[in-house]
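Residue numbers (the numbering used here), protein chains in the order written: chain A, 7 to 328; chain B, 24 to 474. I have placed the structure first, in the form of structure tokens, so that the comments after it can refer back to it.
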């Protein structure tokens, strides 16, 4: 009557592509460290299915202008560096950032409407300040993104940064800019497997090498659609392991941006006592959104609070122990 | 593992007697496989076949109940590895643990906090489900004393934690409510623990040493002794090892139909965590990845709120998003010139919008469109929140009888619909509101000032 347990190991037919961000002097850039993500042949951290070649990384999000709309306790954590992107980037690396996400929000026509050249100069300043790789986003308005990222691409030629975002409706200029100067691209889709694939096809059809594309499946914060992102990411990963080439890309999740605008993260009056302390709750919200998406296949997590960076990196250390 | 119609046919008498109401045994077998008939309709099926068919139709992970009445916790009975394949049915019970090394006054204090804790989220009341009492002293008297302190405060189902059968017996004899979970039988104490589980008709947890073969052997002994309500603790405590073992257990049950290990799992994320944050991270993994009972060692409202929300997210049926009724809603006593907002009937979207509108104190009409329970962006992408459907909502909602100023505020996420809407609703002005509900208060205040 003795039963024998056979460990149910699963082998994938296909793997996620490896994408490297940042170029050192040997590769024509000035980075002192690079980041390689992807390469998975198994669902997250299932070391018994297949070795996990690269650990997921944590990026810290910084802006090119003081983010006055951020929650005050988040702003206080960073202090004076908020008004100087180069200093902020240094502080982010100190806090443990594997790479930096720089958002050029000041170039938005409704904000300061600073010029694309100004944006490019900020990118140069941040590249000079830190040695880690860089992901650069425009202000989030399609036409302005194109103008700004074109200049950014030139200014950062050879550094192998990532330009974000392209979408199904706006990709040509940014992909061309990445192609011209050896950069990577972030392809965003609205929590939808087919739209993600379509965007990846559009970019690679323009000649973008597949090992220069990262997917952003769109992050829903905990309590605000997290489960949709979670399931779409699981479906993308399972499809990739069945060798569907247009899903075999590393994934980036913009966690901080989503969690810090929810009411759980903001200093509001009259919230129930059961919600606990704001300072802890807002970090909890960011941390558990991040680690839950790690379980669904996130390769790059973009965070805002230094304490979240610390906790998430500690969890990644534990998950990487085979 | 479900059997096919042909496999079932092989177990039937193959006499084609038609007494079951079907023309042949094969037809009956096919119907059974499709769950369109009951085996009891066949008067001639052998006992052996009956047993084989019944065990094949049992769920791959046994449903185990802890406690009784309104507060009882049902775990197990899951059928998929990924929630998108169907849904996760029974959310893990969240328990808070106290140890009998703690002074009774402190036990009372923490248990009353944990036990009374609840939050409301999208119209649902979320709370901790159970209290775990651990016999850390190893002494039966201290265990019972701690148990009495807990019982004086909380009516929630209990998990009794001791590896000492004498302690366990003392606690059970003192009364631990209906069906407490007995934790745990191991390779040394299993005979005594099995006797207690039988005597008190309670579910029994099994603790392994990290090796699935070892726990499988132990389970065979327990089931051989007549115990069927089991909960597994494979014995791993590190995050990666726990993820591996829990995944293997789920795969063995669902994909391999391996009955010996087809039971819900219990986890203790706090045991190796260096901080409440790390405990919550490990607990979050357990919630997403297959735990049936998560026993917490720290109680901090900020983290508990976060974990309860995560559990609600993961265990929401992907095919049935929580919905509210479409129609016209009014807030802060709106009049004929108050702003008119529109959103979708996804409950989360609705509650986000309502929360902001209410706190703004601006009199507001809110139209809720039937978008099959999808959020604004998802509904728009799926064509369920279009110019046409918004126009239909406006026309059928009764809003026209309530207002004079025809200005419709659409969510900023779907600003692109304004052109289409201007055609669909030619006598309306279409305004684009903020992208996120959190910015609605500011928006409404500006609108209110402008009028």
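C-beta: ideal position from N, C-alpha, C; glycine also. Quick caveat: nothing in here was measured; it's all calculated off a predicted structure.
Just to confirm, are residue 135(A) and residue 159(A) a CB contact at a threshold of 8 Å?
Along the first chain, one-based indexing puts residue 135(A) at 129. Along the first chain, one-based indexing puts residue 159(A) at 153. No.
From the DSSP output, read off the bridge partner residues of residue 119(B).
Position 96 of the second chain, counting from 1, holds the residue named residue 119(B). Paired residue(s): 154(B), 319(B).
Which residue comes first and which comes last in the beta strand (DSSP E) that contains residue 190(A)?
Counting from one through the first chain, the residue named residue 190(A) turns up at place 184. Start and end: 190 to 194.
In or out: residue 519(B) buried (at least 16 other Cβ within 10 Å) or exposed?
This structure leaves residue 519(B) out entirely; chain B is present only between 24 and 474.
Measure from the C-beta of residue 67(B) to each C-beta in chain A and report whether the shortest distance is under 8 Å.
Along the second chain, one-based indexing puts residue 67(B) at 44. Judged by the 8 Å Cβ criterion, residue 67(B) is not in contact with chain A.
For a contact meaning CB atoms closer than 9 Å, what does residue 367(A) contact in chain B?
Residue 367(A) is absent from the model: chain A starts at 7 and stops at 328.
Does DSSP put residue 405(B) in a helix, a strand or coil?
By one-based count along the second chain, residue 405(B) stands at place 382. Reduced to three states, the DSSP call for residue 405(B) is coil.
Report the three-state DSSP secondary structure of residue 277(B) (helix, strand or coil).
Here residue 277(B) refers to the residue found at position 254 of the second chain. Looking at residue 277(B) - three-state DSSP - the assignment turns out to be helix.
If residue 9(A) sits next to residue 239(B), beta carbons under 8 Å apart, how far is it from one beta carbon to the other, in whole angstroms?
By one-based count along the first chain, residue 9(A) stands at place 3. By one-based count along the second chain, residue 239(B) stands at place 216. Correct: roughly 5 Å between the Cβ atoms.
In chain B, which residues lie with their C-beta within 7 Å of the C-beta of residue 171(A)?
Taking the first residue of the first chain as 1, we reach residue 171(A) at position 165. Per Cβ cutoff of 7 Å: no residues; residue 171(A) is ~15 Å from chain B at best.
What residue from 108(B), 112(B), 236(B) has the CA that sits closest to residue 99(B)'s CA?
Taking the first residue of the second chain as 1, we reach residue 99(B) at position 76. Cα-wise, what sits closest to residue 99(B) is 112(B).
Could you check the C-alpha separation between residue 112(A) and residue 140(A) for me, to the nearest Å?
Translated into the one-based positions of the first chain, residue 112(A) becomes position 106. Translated into the one-based positions of the first chain, residue 140(A) becomes position 134. One C-alpha to the other measures close to 18 Å.
Return helix, strand or coil for residue 93(B), following the three-state DSSP convention.
Taking the first residue of the second chain as position 1, residue 93(B) is located at position 70. Here residue 93(B) sits in helix by DSSP.
Run through chain B and tell me which residues come within less than 7 Å of residue 290(A), C-beta to C-beta.
One-based indexing of the first chain puts residue 290(A) at position 284. Near residue 290(A) (Cβ distances below 7 Å), the residues of chain B are 303, 325, 326, 329.
Please report how far the alpha carbon of residue 214(B) lies from the alpha carbon of residue 284(A), in whole angstroms.
Along the second chain, one-based indexing puts residue 214(B) at 191. Along the first chain, one-based indexing puts residue 284(A) at 278. If I take the Cα positions, the gap works out to 49 Å.
Considering only their Cβ atoms, is the gap separating residue 66(A) from residue 101(A) smaller than 8 Å?
Stepping through the first chain from its first residue, residue 101(A) is reached at position 95. Stepping through the first chain from its first residue, residue 66(A) is reached at position 60. Cβ distance < 8 Å, so residue 101(A) and residue 66(A) count as in contact.
Check whether chain B comes within 8 Å of residue 208(A), counting only Cβ atoms and requiring the distance to be less than that.
Locating residue 208(A) in the first chain gives position 202, where the first residue counts as 1. With 8 Å as the cut-off, residue 208(A) does not count as an interface residue toward chain B.
Check the Cβ of residue 274(B) against every Cβ in chain A and list those closer than 7 Å, keeping chain order.
Looking up residue 274(B) in the second chain gives position 251. In chain order: 14.
Could you check whether the Cβ of residue 224(B) sits closer than 8 Å to any Cβ belonging to chain A?
Here the question's residue 224(B) lines up with position 201 in the second chain. Chain A contact via Cβ: absent.
Assess contact between the segment 304 to 318 of chain B and the segment 205 to 217 of chain A, defined as three or more Cβ pairs (one per stretch) separated by less than 8 Å. Is contact present?
Short answer: they don't touch.
If we cut at 8 Å on Cβ distances, does residue 243(B) have a partner in chain A?
Here residue 243(B) refers to the residue found at position 220 of the second chain. Chain A contact via Cβ: present.
Along chain A, in chain order, which residues have C-beta atoms closer than 7 Å to that of residue 464(B)?
Within the second chain, the letter at position 441 stands for residue 464(B). The contacting residues do not exist; residue 464(B) stays about 10 Å from chain A at best.
Who are the near neighbours of residue 197(B) in its chain, counting only those whose CB is closer than 8 Å to its CB and skipping five residues on each side?
By one-based count along the second chain, residue 197(B) stands at place 174. So the qualifying residues of the chain are 167, 170, 171.
Measuring only between beta-carbons, confirm whether residue 143(A) sits less than 8 Å from chain B.
Locating residue 143(A) in the first chain gives position 137, counting from the first residue. So no, residue 143(A) is outside the interface.
Apart from the five residues on each side of it in sequence, which residues of its chain come closer than 7 Å, Cβ to Cβ, to residue 356(B)?
Working through the second chain from its first residue, we reach residue 356(B) at position 333. Only 386 meet the Cβ criterion.
Which two residues bound the contiguous alpha helix (DSSP H) that contains residue 160(A)?
Residue mapping note: residue 160(A) aligns to position 154 of the first chain, counting from 1. Unbroken alpha helix (DSSP H) run through residue 160(A): 148 to 161.
Measure the CB-CB distance between residue 344(B) and residue 369(B) and report whether it falls below 8 Å.
As a first step, residue 344(B) must be located in the second chain, where it is residue number 321. As a first step, residue 369(B) must be located in the second chain, where it is residue number 346. Yes; because the gap between Cβ atoms is below 8 Å, this pair is in contact.
Quick one: does residue 305(A) have its CB under 8 Å from some CB of chain B?
Your numbering for residue 305(A) matches position 299 in the first chain. Answer no: the Cβ-Cβ gap between residue 305(A) and chain B never drops below 8 Å.
Report yes or no: is there a C-beta of chain B within less than 8 Å of the C-beta of residue 225(A)?
Taking the first residue of the first chain as 1, we reach residue 225(A) at position 219. Chain B, which has no Cβ nearer than 8 Å to the Cβ of residue 225(A), makes this no.
Run the CB neighbour count on residue 335(B), radius 10 Å, all protein chains shown included, and call it buried at 16 or more, exposed below.
Start at 1 with the first residue of the second chain, and residue 335(B) comes out as number 312. Label assigned to residue 335(B): buried.
Check the Cβ of residue 240(A) against every Cβ in chain B and list those closer than 7 Å, keeping chain order.
Start at 1 with the first residue of the first chain, and residue 240(A) comes out as number 234. Ordered by position in chain B, the residues that pass the 7 Å Cβ test against residue 240(A) are 105, 107.
For residue 330(B), count neighbouring Cβ atoms within 10 angstroms of its own Cβ and tell me buried if that reaches 16, exposed if not.
On the second chain, position 307 is the one that residue 330(B) refers to. Residue 330(B) is buried by the Cβ-count criterion.
Starting from the beta carbon of residue 281(A), find every residue of chain B whose beta carbon is closer than 8 Å, and list them in chain order.
Translated into the one-based positions of the first chain, residue 281(A) becomes position 275. The answer, in chain order, is 142, 324, 325, 328.
Name, please, each residue of chain B whose Cβ falls closer than 7 Å to the Cβ of residue 198(A).
Residue 198(A) sits at position 192 when you count from the first residue of the first chain. Correct list: 404.
Mapping DSSP to helix, strand and coil, what is residue 202(B)?
Within the second chain, the letter at position 179 stands for residue 202(B). Three-state result, residue 202(B): coil.
When you compare the CB of residue 342(B) with every CB in chain A, is at least one pair closer than 8 Å?
In the second chain, counting from the first residue as 1, residue 342(B) sits at position 319. Not an interface residue.
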